[in-house]
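Below is one structure, written out as structure tokens; comments come after it.
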Amino acid sequence: MVYHNNEDIFDDEPIELIIRFENKSVNTLGKQNKGSFEELKRWIENKSIKCFFQKKNEDEHKVTFQIENKQIELVLKWQEQTFDYKTIINQKSKNVISEIQQLNSDEYTVTENCKVKLIDFKKPYRSQRELEDLYNKICKLEISPKSEIENQQEIWDKWIEAQKLILNKNSQPLEIVKYDQPINIHESLYQFRVKLKQEENPEFKNIEKIISEEPFNLNERINPDGSLFLRFKDINDVLDRVIQKDFTTILERDKQIACVLKITPFSISNKISKTFNNRFIVSNNSDTINVYINNLSQKQEIVDKMFLEQFYFKSYGAEFEIDWHCNIKLDKNINISDHLLRRLRHNVFSRKHNEFDSLKKMYQELITIFGKDKVKSKVYLNFDQSRVNQPIRFENSSFKNTFWTEIKREFYSFDFDTNVSESQQTVAFEFVDYSDLKSKYEKIKSLNRFNIMLSPLNDDFKFKVKIDIIAKKSKKEEFLDKTRQIAGSEFYIDRGDKFEYKKRQVVIGNLNGRNSDYNYYVFNLPYKWSDDKRQTDKFFKFIEEEPKIKFVTPNLRGDQAKISWLNEAMNKITNPKEGLDLKPVNEKIKDFIFDSSKAEEIYKNLSKDEEEWNELKRHELLILNDSQRKAVLSALNCTDLALLQGPPGTGKTTVIAEMIWQMVRVNQEQKILLTSETNLAVDNALEKLLNKNHTLVKPIRFGRASKFEEEGKKYAFERIMKWVDEKFETDDNYENEVLEEDDVEIVEEDFYNNSVQLWMRRIANNSQQSNPKYSDIMKDWAFEMAQPDKEMKMVFKDKYFKYANVVGSTSSSAGSPNFGADYQRIFNDYEGELEIGQLYKRAKNLSKKHIGFNGWYKGTNLLEVIKPIEFDTVITDEASKATPPELLLPMCFGRKNIIIGDHRQLPPMLHDKTFKETLESLETTEAKELASEINKDFVETSQFERLIMHPKVSPTIKSTFNEQYRMHPKINNVIKQFYLDEGGLEPGKPIKENANDPNLNNPFSRHHGFLLNKFINPDIHTIWVNVDEPEELSGTSRINNYEIEAVELVIKLLKISNGFEAYMKHWENSNDQNKIQEEKEIGLISFYGHQVSKLKEVALKARNKYDIPIRLNTVDKFQGMERNIIIVSTVRSDKKIENGITKTNKDIGFAKSPKRLNVALSRAKRLLIVVGNKNMFYRFKDKNGNQIYKNVIDTINNEGIVVDFSDLKKEFGND
């Protein structure tokens, strides 16, 4: 209900408006330089003021009033404890005191006469009832469109501030305790490893203190990662009891216990014992061997075999053990030989002699003295190798290199995982209880390939136990999150203030995220190109001096630059100014980027069979369906904005290419900017534009060329320039585009494969079809065009740049100064002493450093020379994956914007909890405030969704593609429920007609051809494997070991299915190695990161044992990808294990998101296999009451198969 009142609601008596101020708000108000808190109090004291109240958002109200020729605006938050307001003023707040403007009453406003009273936040005071009534009235107002826009602007600013804080934290130097010398991996790559000093969790310190005191007295240190070493008895009797009593809601012991066996090579005595099949006990000292015998008849057999081993009989020996005490007195009448008397000082002694009878005589003497029952004896044969030229080593501390390969192969066949450390000479495995430990240890021991220093069955053996923090992320998890964020970033060593700036920083290399962990960071040092070698050689020279290195520091200047670009983009719409790229090309963007209803609607009739429709159809470059055609027409005819929704596999790339073609076909001189979140999406769209029949579209690619696919590199400015001149060098690196470890291996580039050369060839080919009379001349010309000299290259390069009409770039790169520099180089024909790209960057730097920069530099007015960056159309793909400020970066350059995305898939930052945890882990007041202020709705909703779902947006500017070309129709039926509001999603005609074609060469065939009784047949394209077993907590993540077991079995069943080998072999016929890999790979995805980590062993086994490549990742990171076969591990169960106890569970966590489920199920082209707890998911309803999983399971049950994991195990076994 809307309330509107221009009169007092309580007669003429003003309401007492109590507003509490905190000290921080008072200080911030003072810094705004418009007036102090005390002045404000004086202005309003004892005055009745007309106040205008509005609802800012669900938690905050706003009051505006005028006094002393000033306008006051305060944001208010209701205080339930005191029944009054407090004001919210922070550094990002608008000025409280400003110039007077017209204030109007409308349906979004309540006006009241008030006596405003400003008081200290903690001062005791009880407001009147009338203020509470006023508060309730304001709560019932609708939020004004202006406030909605302001709210979005504020939260965008807060998001940027949050990114700054996270980035500053990630940029901090990391303390190290030691480093290794760089090692050579291959001819073009070195690696450098450092050991990190890690921060400890206070929770671990607390439990460590308790177990060290009475009654436990265990002096065991808990490592920063939560691991410690304990005896088996102490794990159960001490650690588990302490956790259960004092830390049950904070800590949890990992169910898996690690057993680390120290191993050594067999000694010579071990080997000799094996020679006798372990029938005799064998021992050795430094140079002789003893073989123990039971009777003399065994001597000859032993001597003969020892001779073959190059050992020679030396003497007999005997060990005697006497059961007596030193205070027993010997009878003086007993005749004891001197040598025996000396030995009787000890209970155990030994003697050697060449004659056996001599030893026998000593034995007789002993039993005479002590009695036969008190004397024990062992007889041995003593051997040495005195006549051998090359002595045999009796003790060997290290294994041969071949041993490790052999032993790993033997472990591979085990039904449990082992971890072998060559450097530490250890073998480790995990177990859950004593019987599990015993059986696994006996299996390892049975190999009889090495000596185990201490048996784990010994009471004193200590096992590695892991404690996990369950209440929040541990320091280790926070650190590993950070490592993932900065993987691929350059690191350097700061040599200190005594060095000048250019020599102060020594670059190490790029962080290798895959090989780095909590304790060690590994850096890649490329050594291929001259620049790489120069930089790496500098580091080698530095490290040769063995300097003391205390810290290594990430170079995140690129990310810092990106944050500044986002700020600039925000300022363009919130505070536009005259100057160099200080305002948007279309000034209406400041409204429609927040409120799509402000974008102008399309007035033309674009329906089927109208002239616009038929005109498009006549000139189509590609084959479109009706929904795609409607989207293209919408994009061509919009004035401000077009919103296009592209569900999975619906041909977004095709539509983008067609849009560009149609725009250029009509006007070749217009400029189009194509952007996306990823380079691959940009490159794919540009590749679709290639057509041998025309040369109208002339794309150019901005960005860091080394990040492009080959399809994109041919359009790269850098490649074109190197084709013209091999010596061309550019210092322009797009700061935000960080190289990852995958990019280290650089392939040789074919500079002739570039867009200008291809354009020349097309011109030459087309010219040969002209008058036959000139055929010889045209052939010669065509040859010259195919092999141009430098002068011809320059001519055509200049022409191509002059008529270039499509620029491809990632969205984030569009804010880079280098993007602007490249724009000037292509579209600005200025010729002067200084290169135009460098002039642009100089102008940007000067305008940042000097407020009010007038443009003059070295006698040239740069603002007159430099062209503003303008495009007729900006097309943004993958918009639902972009954060709002990232979306804004390229949009500011367009007269009109085409935005393409899918709000039914995942937004860029769905993990509200993860984002908040990252901020809170910074442990600063500002970060915690931002964590609470950046609301869940902002994090979970993409800006594309806000725009396309706006209730008042014109339907003429939005379109949805409703035919997909990726999935088999039966997989489509599983996900089409997510698109019912948009009119549904159906397979395109080619898929419907060809999906079951067994000819895999048919691009629209979705056949697989697998057959295995009770599991799969060629008509089954969807499978649900029901795992009715409990999940477990793993830190703040989740795992399900039973699902891991099920996934492994599923891969095995695919491998043994009839038709699978032929299917895999078919793809090897391609010449494209990337295509072979992609077609053969099985996509293995899960909702949880820790489950993905656990599945790595399964992926490794699939690759090594079954020769099946696996692409493994979380569902979120797999968005945008597709594979023929997808296996989804859902993890969640209606049962969970906590502290060893199985409990009921009703929470499905991340899996409750329909968007995440949609992404998970829509990656598969031919076969979708879901592994999960059917009963748990079947009952689930989303926040709108939709049973999304029930629909999935019912569809799979009707058209595919639902099978229990337990039944598959019974049928096919685990082996």
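In UniProt numbering, the protein residues as written are 1 to 1215.
Idealized CB from N, CA, C, for every residue including glycine.
Fair warning: this is a prediction, and the values are worked out from it, not measured in the lab.
Cβ-based neighbour list, residue i, same chain, cut-off 6 Å, excluding 5 preceding and 5 following
i, result
"Trp43", "Ile67, Glu68"
"His911", "Only weak support exists for where His911 lies, its pLDDT of 48 falling under 50; the value from the coordinates is given anyway. Here the set comprises nothing."
"Lys1210", "none"
"Gln364", "none"
"residue 1249", "Because the chain spans 1 through 1215 in this model, residue 1249 falls outside it and cannot be assessed."
"Ala635", "Ala642, Met659, Ile898"
7 Å Cβ shell around residue i - same chain, five flanking residues per side excluded
i, result
"Asn90", "Thr28"
"Tyr180", "Residue identity check: residue 180 is Asp in the sequence provided, not Tyr. The answer, listed in chain order, is Arg193."
"Val744", "Model confidence at Val744 stands at a pLDDT of 41, short of 50, so the residue's coordinates are unreliable and nothing is read from them."
"Gln964", "Pro647, Pro648, Gly649, Thr650, Asn972, Leu985, Pro987, Gly988"
"Lys77", "Asp59, Glu60, Tyr85, Lys86, Ile88"
Whole-Å CB distance - residue i paired with residue j, under 8 Å assumed
i, j, result
"Lys896", "Leu641", "7 Å"
"Lys900", "Ile672", "In the sequence under discussion, the amino acid at residue 900 is Ile, which differs from the Lys named in the question. Actually they are not in contact, since the Cβ atoms of Ile900 and Ile672 sit about 14 Å apart, beyond 8 Å."
"Ile836", "Ile1023", "Not really, about 60 Å apart at Cβ, beyond 8 Å."
"Ser676", "Asp829", "Not confirmed; about 29 Å, so no contact."
"Cys51", "Ala569", "Not quite, the Cβ-Cβ distance comes to about 35 Å (not below 8 Å), so this is no contact."
"Thr956", "Gly983", "Not quite, the Cβ-Cβ distance comes to about 16 Å (not below 8 Å), so this is no contact."
DSSP beta-bridge partners of residue i
i, result
"Thr860", "Tyr857"
"Cys259", "Phe429"
"Leu674", "Gly808, Ile875"
"Ile1039", "Glu1032"
"Lys867", "According to DSSP, which records beta bridges pairwise, Lys867 is partnered with nothing at all."
"Asn113", "Lys50"
"Arg20", "Lys86, Ile119"
"Lys464", "Phe229, Ala258"
"Tyr292", "Tyr380"
"His1021", "The partner list for His1021 (beta bridge, DSSP) is empty, contrary to what the question assumes."
"Val282", "Val291"
"Ser350", "Glu319"
Proximal residues to residue i (C-beta, below 8 Å), its chain only, five neighbours per side dropped
i, result
"Ala995", "His968, Pro969, Pro987, Phe1004, Ser1005, Arg1006, His1007"
"residue 1222", "Limits of the chain in this structure are 1 at one end and 1215 at the other, which puts residue 1222 out of reach."
"Ser273", "Phe280, Ile281, Val282"
C-beta contact flag for residue i and residue j at 7 Å
i, j, result
"Val194", "Tyr521", "yes"
"Lys55", "Ile155", "no"
"Val303", "Thr426", "no"
"Arg762", "Thr695", "yes"
"Leu167", "Asp559", "yes"
"Glu1029", "Tyr1042", "yes"
"residue 1223", "Ile1085", "Residue 1223 lies beyond the stretch modelled for the chain, which goes from 1 to 1215, so this question has no answer here."
"Glu658", "Asp683", "no"
"Lys727", "Val756", "no"
"Ile15", "Glu80", "no"
"Asp1134", "Asn1104", "no"
"Phe1150", "Ala1046", "no"
"Ile975", "Asn1186", "no"
"Gly852", "Leu863", "no"
"Glu430", "Trp404", "no"
"Lys374", "Gly317", "no"
"Cys114", "Leu40", "no"
"Thr553", "Pro173", "yes"
Run through the region 149–224 for me and flag every whole alpha helix (DSSP H) of 4 or more residues, listed as ranges in chain order. 202–212
Continuous alpha helix (DSSP H) assignments of at least 4 residues falling wholly in the region 1076–1148: Whole alpha helix (DSSP H) segments, 4+ residues: 1089–1094, 1096–1105, 1115–1118.
At what residue ranges does the region 959–1014 contain a whole run of the alpha helix (DSSP H), taking only runs of 4 or more? 969–975, 989–994
So within the region 300–326, which uninterrupted beta strand (DSSP E) runs reach at least 3 residues, ignoring any that extend past its ends? 312–322
Every unbroken beta strand (DSSP E) within the region 590–646, with a cutoff of 3 residues, ordered by chain: 641–645
Note down, one range per segment and in chain order, each beta strand (DSSP E) of at least 3 residues found wholly within the region 534–582. 551–555, all fully within the region 534–582.
Extract the residue ranges of the beta strand (DSSP E) inside the region 1151–1193, only unbroken runs of 3 or more that lie entirely within it. 1164–1172
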